[in-house]
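Numbering (the numbering used here), first residue to last: 2 to 251. Ideal Cβ placement from N, Cα and C applies to all residues, glycine included.
Have a look at this one:
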């Protein structure tokens with residue numbers, strides 16, 4: 002099984018963009034509300050000089066309706082609304098981006114595979130099923146293996162071909178104009194290598210650089226519910242691969 006991935010990601014992953022946009026929208030709304038309050042406070046009030054030469058503030062009497070003051074609650078904002086305690090609302094786009102990337106980096110370095118379990122599927126063998134809800138764009142699992150150059154990958158392919166009972170889990174991808182291969186053939190117990198193929202899968206692959214090393218991660222393409230099998234498109238459509246693995250066409 003040979004996996005191809007030829008997209009190049011030079012910028013932070015785009016799947017976090019919707020989170021950044023939501024944060025910016027909330028921040029803009031909060032700033033507009035604060036600006037309205039501050040402009041109201043800055044408006045000069047009428048001053049009247051009394052005979053004693055003491056300057057007093059003249060306040061406007063409220064309008065009366067049926068002998069009762071007319072309520073004016075539309076502008077009755079509090080300072081908490083203008084200066085909220087929650088600092089996350091006031092974070093810049095860069096700060097939000099950095100926080101998301103730090104969380105993603107920790108998940109990769111810790112080799113997290115939370116909320117997943119191995120299951121057996123008739124006709125396919127082992128696969129991976131979600132045990133919890135995953136939101137669209139959320140990190141699910143990393144495709145962990147040996148990151149090797151093409152020369153080493155070619156030598157391993159020849160060695161694997163000599164054993165008919167041995168599988169081959171080699172993922173080829175391009176990053177920053179360089180070709181890489183991640184070999185996950187060895188059964189190390191990592192779940193990323195067990196995720197099955199589907200041309201209409203619920204996961205997509207992304208390249209993330211952590212400590213100057215590219216990593217392949219699987220991200221939720223759509224919302225995933227507990228009990229769903231996790232799949233993604235291997236991308237291999239070669240004639241030879243389809244001959245030996247016809248399920249790649251589906």
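With the rule of 3 Cβ pairs closer than 8 Å, the region 199-210 does not count as touching the region 112-125. For the 9 Å CB-CB criterion, residue 144 and residue 185 form a contact.
CA-to-CA, the gap between residue 154 and residue 218 works out to about 20 Å.
In the DSSP assignment, residue 95 falls within the unbroken alpha helix (DSSP H) covering 94-110. Counting only the Cα atoms, residue 94 lies some 24 Å from residue 216. Look at residue 186 here: in three-state DSSP terms it is coil, with no helix or strand label. Under the three-state reduction of DSSP output, residue 213 falls in the coil class, being neither helix nor strand. In this structure, 138 is the residue among 222, 138, 150 with its C-alpha nearest to the C-alpha of residue 102.
In this model, residue 225 and residue 163 are separated by some 39 Å (Cα to Cα). Inside the region 138-208, DSSP marks whole alpha helix (DSSP H) runs of 4 or more residues at positions 151-162, from first to last along the chain. Spanning the alpha carbons of residue 150 and residue 33 requires a straight line of approximately 53 Å. DSSP places residue 118 in the strand class (E or B) of the three-state scheme.
Around the beta carbon of residue 110, fewer than 16 other beta carbons lie within 10 angstroms, which makes this residue exposed. Within the same chain, 119, 120, 121, 195 come within 8 Å of residue 127 by CB-CB distance, once the 5 residues on both sides are set aside. DSSP places residue 230 in the strand class (E or B) of the three-state scheme. The continuous beta strand (DSSP E) containing residue 127 extends over residues 126-131. Between residue 229 and residue 142 a beta carbon distance of about 14 Å is seen, past the 8 Å cut, so the two are scored as non-contacting. The residue among 134, 173, 210 with its C-alpha nearest the C-alpha of residue 152 is 173. Annotated as distal: residue 192 and residue 108, with beta-carbon spacing of 9 Å or more. By the criterion of a C-beta distance shorter than 7 Å, residue 136 is surrounded in its chain by 221, 224, once the five residues flanking it on both sides are discounted. Cα atoms of residue 159 and residue 212: separation of roughly 31 Å, rounded to the nearest angstrom. C-alpha of residue 157 to C-alpha of residue 168: approximately 12 Å in a straight line. Our two residues, residue 209 and residue 98, have alpha carbons roughly 14 Å apart in a direct line. The alpha carbon of residue 198 has as its nearest neighbour, out of 214, 124, 148, 165, the alpha carbon of 124. By the CB criterion at 9 Å, residue 183 and residue 146 fall inside the cutoff.
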